[in-house]
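Numbering (this note's numbering), first residue to last: 981 to 1338.
Each residue gets a CB set at the ideal place from its N, CA and C atoms; glycine is no exception.
Read the structure below first, then the notes.
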């Protein structure tokens, strides 16, 4: 078992990583709840929902299953879950458990944050990707104009990570999650980045996976404790997300995974960093890592540049009409730059040219 504690202004909460934890949930709930609503998706429900319900061992347990995928992070599913909570008689002493990947964590957390002005919720991540989204207290749903535009900062009561649930992940989910772990290495942990870039993800062991997860979570924990509301260094966690979110919106949510989009966004961020900072960065190493591990390298067309820029400006990180990007001075040293439309357009076009030569 591995455990650390996150300190936030609203509450301190534990992150626990343990094989088989879903069978011992009661141990980690620090209070008695009047009722519990477990929210999960149709991919996870058959595998783990009954284990979780059985381990809670109390009356007044309710469940709700939503369709899997990013498309469920919408106002309609949010409203259905609020209705389910009301119909089930949840009150201010109730608990919501978000059992699933980042989509379920964001959606279930936002339901908890806004039900009766906020009730406790527990994150139970079942994907590698969710190691990032479950830590730090960001909860949200998407708008058709952009990702996570409707949301708030609302820390969980706990993050309970049953590492056994990772053993059944399809490779695409492994790939998606590792993009965020690599991001954490690139912004803060040179040794982690150097360890990951030569790796073939199909050959990692369970011990390696747990060590990589722990390293990524420690980076995220360190940053969110220093900057809970994203006014400073927490912005560094958005490396690759400016273009990544724009690609997700342009392609349609769910067409590529979040991690696949972020990997492409990081490649673009390294390209821009080299142009702005005039320093060499591991662009080729990242590209080769993506190809080796079968990430889709998204073919950006020149006719789509204006749409991408529009999406990037709709991103919640934009400031005064400028696109805000996280760049790297070098690996482990991120910086935030505000860029105007014409500069971003030029960078995208030179990026397209560079990619066409590879």
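query = Just how far apart, CA to CA, sit residue 1294 and residue 1004?
reply = Straight across, the Cα-Cα distance linking residue 1294 with residue 1004 is about 43 Å.
ask   = Under three-state DSSP, which class holds residue 983?
value = Residue 983 falls in the strand class under three-state DSSP.
Limits of the unbroken alpha helix (DSSP H) element including residue 1222 = 1221-1231 is the span of the alpha helix (DSSP H), which, as asked, contains residue 1222.
key: Whole-angstrom distance between residue 1241 and residue 1289, CA atom to CA atom   = So the two alpha carbons sit approximately 15 Å from each other.
key: Whole-angstrom distance between residue 1012 and residue 1291, CA atom to CA atom   = The straight-line gap from Cα to Cα measures roughly 44 Å.
query = What first and last residue would you give for the beta strand (DSSP E) that runs through residue 1013?
reply = Here residue 1013 belongs to no beta strand (DSSP E), and DSSP marks it neither H nor E.
inquiry  = Just list the residues that DSSP pairs residue 1043 with in beta bridges.
reply    = Residue 1043 pairs with 1018.
request  = Could you tell me if residue 1151 is buried or exposed, where buried requires 16 or more neighbouring beta carbons within 10 angstroms of its beta carbon?
outcome  = Counting the other CB atoms within 10 Å of its CB gives residue 1151 a total below 16, which places it among the exposed residues.
task = Determine which residues share a DSSP beta bridge with residue 1313 and list them.
result = Residue 1313 pairs with 1310.
ask   = Ends of the alpha helix (DSSP H) at residue 1238?
value = From DSSP, the alpha helix (DSSP H) with residue 1238 extends over 1238-1257.
inquiry  = Tell me the rounded alpha-carbon separation between residue 1035 and residue 1218.
reply    = Distance between the alpha carbons of residue 1035 and residue 1218 is about 36 Å.
inquiry  = Report the start-end ranges of each alpha helix (DSSP H) in the region 1067-1115 that is 4 residues or longer and not cut off at the edges.
reply    = List check, alpha helix (DSSP H) in window: 1082-1094 and 1110-1113.
query = Within 10 angstroms of its Cβ, does residue 1047 collect 16 or more other Cβ (buried), or is it exposed?
reply = So residue 1047 ends up on the exposed side.
inquiry  = On the DSSP letters alone, give me the boundaries of the beta strand (DSSP E) that residue 1158 sits inside.
reply    = Residue 1158 -> not in any beta strand (DSSP E); alpha helix (DSSP H) instead, spanning 1151-1168.
ask   = Tell me, which residues are paired with residue 1140 by DSSP?
value = Answer is 996, bridged to residue 1140.
message = Pop quiz: residue 991 and residue 1105 are said to be a contact at Cβ under 8 Å. What is the actual Cβ separation, rounded to whole angstroms?
response = Contact flag wrong, Cβ pair sits at about 19 Å.
task = Evaluate contact between the region 985-1002 and the region 1135-1144, counting only Cβ atoms and requiring at least three cross-stretch pairs below 8 Å.
result = The region 985-1002 vs the region 1135-1144: in contact.
ask   = Within this structure, are the beta carbons of residue 1080 and residue 1021 separated by less than 8 Å?
value = For residue 1080 and residue 1021, yes; Cβs fall inside 8 Å.
key: Which of helix, strand or coil DSSP assigns to residue 1127   = In the structure shown, residue 1127 falls within a strand segment according to DSSP collapsed to helix, strand and coil.
query = Around the C-beta of residue 1338, are 16 or more other C-beta atoms found within 10 angstroms, so that it is buried, or is it exposed?
reply = Exposed is the call here.
query = Rounded C-beta distance between residue 1153 and residue 1189? I'm assuming under 8 Å.
reply = 12 Å between Cβ atoms; not a contact.
task = Name the one or two DSSP bridge partners that residue 1133 has.
result = The partner list for residue 1133 (beta bridge, DSSP) reads 1118.
query = Where residue 1205 and residue 1163 are concerned, what is the direct C-alpha to C-alpha distance, given to the nearest angstrom?
reply = Approximately 18 Å, taken between the alpha carbons.
Pair within 8 Å by beta-carbon distance, residue 1273 and residue 1180 = Against a cut-off of 8 Å, the Cβ pair of residue 1180 and residue 1273 comes out as a contact.
key: For residue 1268, three-class secondary structure by DSSP   = Correct three-state label for residue 1268: helix.
message = Distance check for residue 1258 and residue 1310, CA to CA, integer angstroms please.
response = When rounded, the distance between both Cα atoms is 10 Å.
message = Quick check: what's the CA-CA separation for residue 1133 versus residue 1248?
response = In a straight line, the C-alpha of residue 1133 is about 28 Å away from that of residue 1248.
request  = Mind checking who residue 1318 pairs with in its DSSP beta bridge?
outcome  = Residue 1318 is bridged to 1304.
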